[in-house]
Amino acid sequence: MNQNRVPITGVQMDLVNSEHGSYMLIRSDSPMRTLNSSPWGGGFGMFRSLMNRQVHRLYNEADPLREMDDFIQREGLNPRETAGMLTAAWVKDVGYSTLTWTRNGAEDAENETYPLHVCAWVTVGLGNKARAGAEVAAASLFPGTINTIVVIEGQLTDAAMVNAVITATEAKAAALQALGVEVDGHPATGTTTDAVLIATTCRGRLYSYAGTATALGNMIGRTVYEAILASGQLYEKTPD
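All you need for the working numbering is the position in the sequence shown, starting with 1, plus 29.
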């Protein structure tokens, strides 16, 4: 089991290798409000655990929701408290980046108890890279994927949660461009099976916006960008 140091009180990340498989697990002492594009805990929800599970690229369960539910239970977790996603990328090669909002070298005096923290974890697999708007073959729809999880110390409105997804996605496309990932000579924007999960602790300041012009959006963009660069560089050394 391997851990990333997380600056958010009550939140930790572990890399788990069990007899049933490998996965990345982010756990919180208190429920986090989430917006998840994956079916497992999809949409808006409240969860204590966030799982990014490694599967074979040919994973093709007849009932994936039931299979994932069974997997979560075998790992001793509560499916009702766990949001998840699947990836064929190596979870051990997860990229991680974190930022804390500072003003003049000091934490925001208005929120000393819960200053704004943003943490991003990304696993990168590029076997099914794609460019949004271009035609793709059905055979490319396997879970290679870029999975992005962002945890924020703060409170976000529904609109800001959606805004955070947009900012994280823009950062992903920018990072792939920086890595030189292309599809038919054009910059790739992602893969055919990408997923994103935004989680907030429901503590501290309330944010109504998360675009790139805001402090929150800037931090989301920077952490996701750096996490993708870190994981993408590892992928280039050991492709999935």
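By construction, the Cβ of each residue, glycine as well, lies at the ideal position given by its N, Cα and C atoms. If you're wondering where the values come from, they're calculated on a predicted model, not measured in any experiment.
Sequence-distant residues of the same chain with beta carbon closer than 7 Å to Pro172, five excluded per side: Start at 1 with the first residue of the sequence shown, and residue 172 comes out as number 143. Since pLDDT at Pro172 reaches only 49, below the 50 mark, its modelled position is unreliable, and the value read off the structure follows with that caveat. Around Pro172: Val84, Arg86, Tyr88, Leu115, Thr116, Ala117, Thr222.
Per the DSSP calculation, Tyr125 is bridged to which residue(s)? The residue given as residue 125 occupies position 96 in the sequence shown. Answer is Trp150, bridged to Tyr125.
Presumed contact (8 Å Cβ cut-off) between Pro68 and Leu94, rounded CB distance: Here the question's residue 68 lines up with position 39 in the sequence shown. Here the question's residue 94 lines up with position 65 in the sequence shown. Confirmed, about 6 Å.
Along the chain, where does the alpha helix (DSSP H) that runs through Ala203 open and close? In the sequence shown, counting from the first residue as 1, residue 203 sits at position 174. Start and end: 187-208.
Which class does Arg82 belong to by DSSP, given the choice of helix, strand or coil? As a working mapping, residue 82 is identified with position 53 in the sequence shown. Strand, per DSSP.
Around the C-beta of Glu255, are 16 or more other C-beta atoms found within 10 angstroms, so that it is buried, or is it exposed? Translated into the one-based positions of the sequence shown, residue 255 becomes position 226. Buried: at least 16 other Cβ atoms inside 10 Å.
Which same chain residues, not among the five before or five after Gln102, have their C-beta less than 8 Å away from its C-beta? The count along the sequence shown starts at 1 and reaches residue 102 at position 73. Cβ within range, chain order: Pro108.
Using a Cβ-Cβ cut-off of 7 Å (strictly less than) and excluding sequence neighbours within five positions of Val194, which residues of its own chain qualify? Against the sequence shown, residue 194 aligns to sequence position 165. So the qualifying residues of the chain are Leu64, Val225, Ile227.
Straight-line Cα distance separating Thr111 from Glu48: Counting from 1 along the sequence shown, the entry for residue 48 is found at position 19. Counting from 1 along the sequence shown, the entry for residue 111 is found at position 82. Going by the C-alpha atoms only, they are around 19 Å apart.
Using 8 Å as the threshold, is the C-beta distance between Val180 and Val40 below it? Within the sequence shown, numbered from 1, the residue matching residue 180 stands at position 151. Within the sequence shown, numbered from 1, the residue matching residue 40 stands at position 11. Cβ distance < 8 Å, so Val180 and Val40 count as in contact.
Contact set for Ala149: own chain, Cβ-Cβ below 6 Å, skip 5 residues either direction: Translated into the one-based positions of the sequence shown, residue 149 becomes position 120. Only Ser126, Val179, Thr252, Val253, Ala256 meet the Cβ criterion.
Mapping DSSP to helix, strand and coil, what is Ala259? For the purposes of this step, residue 259 is taken as the residue at position 230 of the sequence shown. Of the three classes helix, strand and coil, the one that applies to Ala259 here is helix, per DSSP.
Terminal residues of the continuous alpha helix (DSSP H) containing Ile101? Counting from one through the sequence shown, the residue named residue 101 turns up at place 72. Unbroken alpha helix (DSSP H) run through Ile101: 93-103.
Close beta carbons around Val210, own chain, < 8 Å, minus the five adjacent residues each side: Counting from 1 along the sequence shown, the entry for residue 210 is found at position 181. Around Val210: Leu155, Lys158, Pro216, Ala217, Gly261.
Comparing alpha-carbon positions, which option in Leu205, Arg77, Ala259, Glu182 lies nearest Leu245? Here residue 245 refers to the residue found at position 216 when the sequence shown is read from its first residue. Nearest C-alpha to Leu245: Glu182.
Counting C-beta neighbours from all protein chains within 10 Å, is the total for Phe100 16 or more, i.e. buried, or is it exposed? If you number the sequence shown from 1, residue 100 lands on position 71. Phe100 comes out buried.
Kindly list the residues whose CB is nearer than 7 Å to the CB of Glu104, restricted to its own chain and excluding five residues on each side of it in sequence; keep chain order. Here the question's residue 104 lines up with position 75 in the sequence shown. Cβ within range, chain order: Ser47, His49.
What does DSSP give as the partner residue(s) for Ile249 in the beta ladder? As a first step, residue 249 must be located in the sequence shown, where it is residue number 220. BP columns for Ile249 are empty, so no partner.
By how many angstroms is the C-alpha of Val212 removed from the C-alpha of Thr220? For the purposes of this step, residue 220 is taken as residue 191 along the sequence shown, with counting starting at 1. For the purposes of this step, residue 212 is taken as residue 183 along the sequence shown, with counting starting at 1. Those two C-alpha atoms are separated by around 10 Å.
Tell me the DSSP secondary structure of Glu110 in three-state form. As a working mapping, residue 110 is identified with position 81 in the sequence shown. Three-state result, Glu110: helix.
Whole angstroms are fine: how far does the CA of Gly74 sit from the CA of Thr229? Start at 1 with the first residue of the sequence shown, and residue 229 comes out as number 200. Start at 1 with the first residue of the sequence shown, and residue 74 comes out as number 45. Taking the straight line from one Cα to the other gives about 11 Å.
Member of Gly72, Thr129, Val147, Ala161 whose CA lies at the smallest distance from the CA of Asp187: Residue 187 sits at position 158 when you count from the first residue of the sequence shown. For the residues Gly72, Thr129, Val147, Ala161, the minimum Cα distance to Asp187 belongs to Gly72.
DSSP three-state assignment for Ala244, whether helix, strand or coil: Indexing the sequence shown from 1 puts residue 244 at position 215. Reduced to three states, the DSSP call for Ala244 is helix.
Less than 7 Å between C-beta atoms, sequence neighbours within five positions excluded: which residues of the same chain meet that for Thr174? Counted from its first residue, the sequence shown places residue 174 at position 145. Cβ neighbours of Thr174 beyond the five flanking positions: Thr116, Ala117, Ala118, Gly154, Thr220, Thr222, Asp223, Ala224.
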